Amino acid sequence: MLGSCDKNVDDFYPPYNYNYYIAFVDESGKDLLEGISTTLSDTKLPILEKGTYSYVFIPPNSKDQFTFSGIIELENVKGHNALGIHLGMADWHLHKKPEVITHNFASSFIFGDDEMHELVSYWKFDSMYKKADLVRVTIDNVDARIEMDTYKFQSLAILTLK
Numbered sequence: 451m452l453g454s455c456d457k458n459v460d461d462f463y464p465p466y467n468y469n470y471y472i473a474f475v476d477e478s479g480k481d482l483l484e485g486i487s488t489t490l491s492d493t494k495l496p497i498l499e500k501g502t503y504s505y506v507f508i509p510p511n512s513k514d515q516f517t518f519s520g521i522i523e524l525e526n527v528k529g530h531n532a533l534g535i536h537l538g539m540a541d542w543h544l545h546k547k548p549e550v551i552t553h554n555f556a557s558s559f560i561f562g563d564d565e566m567h568e569l570v571s572y573w574k575f576d577s578m579y580k581k582a583d584l585v586r587v588t589i590d591n592v593d594a595r596i597e598m599d600t601y602k603f604q605s606l607a608i609l610t611l612k
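Position in the sequence shown counted from 1, then plus 450, gives you my numbering.
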């Protein structure tokens with residue numbers, strides 16, 4: 451016996467995920483995330499400890515619903531400690547997807563101050579594979595170097611802070 455639901459498969463659209471990792475280094479290449487305070491998530495992944503950062507998602511001018519847990523993972527990606535930035539968008543309207551995503555991020559451990567820094571990611575959509583590819587990341591208008599699809603099919607952005 452085959453089960454079925456009463457919804458037509460055409461009524462549902464796949465989510466688009468804006469996922470990437472970002473590492474912070476100084477001009478000598480020193481890992482600026484080394485030693486940052488973490489705790490374990492419910493799924494036993496290391497995440498940044500609450501109170502050590504402030505992170506605010508700025509919704510784009512879009513009809514779509516975005517999901518962001520507010521939790522930032524810390525993983526080792528290609529020899530760098532990197533923050534996992536994961537944001538999902540339900541595409542219910544079949545329109546042009548937002549290609550610029552903005553967050554405000556503060557961490558005295560990383561930046562040496564308590565100021566909010568503007569983290570902007572730029573995306574290009576691949577409609578064949580129903581995914582967004584990261585093409586550029588900036589913090590306070592400083593470009594990060596992008597290594598494409600390096601870890602779990604997600605890109606790594608490496609930002610050199612001065």
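Glycine included, each C-beta is placed from N, C-alpha and C at the ideal position.
Bear in mind that the values here come from a model prediction, so they are computed numbers and not experimental data.
Span separating the alpha-carbon of residue i from that of residue j
i	j	result
Phe555	Ile596	19 Å
Glu549	Trp573	5 Å
Gly479	Thr610	8 Å
DSSP bridge partner residues for residue i (one or two, in chain order)
i	result
Leu537	Tyr468
Val475	Asp481, Thr610
Asn526	Asn531
Cutoff 6 Å; reference residue i; Cβ partners in own chain excluding five residues on either side
i	result
Ile560	Phe474, Leu482
Ser504	Ala556
Backbone secondary structure at residue i - three-state DSSP
i	result
Gly453	In this prediction, Gly453 scores a pLDDT of 47, lower than 50, which makes its location untrustworthy; the coordinate-derived value is nonetheless stated afterwards. Looking at Gly453 - three-state DSSP - the assignment turns out to be coil, as it is neither helix nor strand.
Ser558	helix
Val592	strand
Glu565	coil
Asp461	At Asp461 the pLDDT is 47, less than 50, meaning the model places this residue with poor confidence; the figure from the coordinates comes in the next sentence. In this structure, Asp461 counts as helix in the three-state DSSP scheme.
Phe603	coil
Cβ shell of residue i (< 7 Å), same chain only, five flanking positions each side left out
i	result
Glu499	Ser487, Thr488, Thr489
Buried or exposed by the 16-neighbour rule on C-beta atoms within 10 Å, applied to residue i
i	result
Val585	exposed
Asn531	buried
Ser558	exposed
Asp587	Here the sequence assigns Val to residue 587, which means Asp is not the residue at that position. Val587 comes out buried.
Met539	buried
Gln491	The amino acid at residue 491 is misidentified as Gln; the sequence shows Ser. Counting Cβ neighbours within 10 Å, Ser491 comes out exposed, since fewer than 16 surround it.
Own chain partners of residue i with C-beta closer than 8 Å, once the 5 adjacent residues on each side are dropped
i	result
Met566	Ser504, Val506, Asn554, Phe555, Ala556
Asp576	Ala582, Asp583
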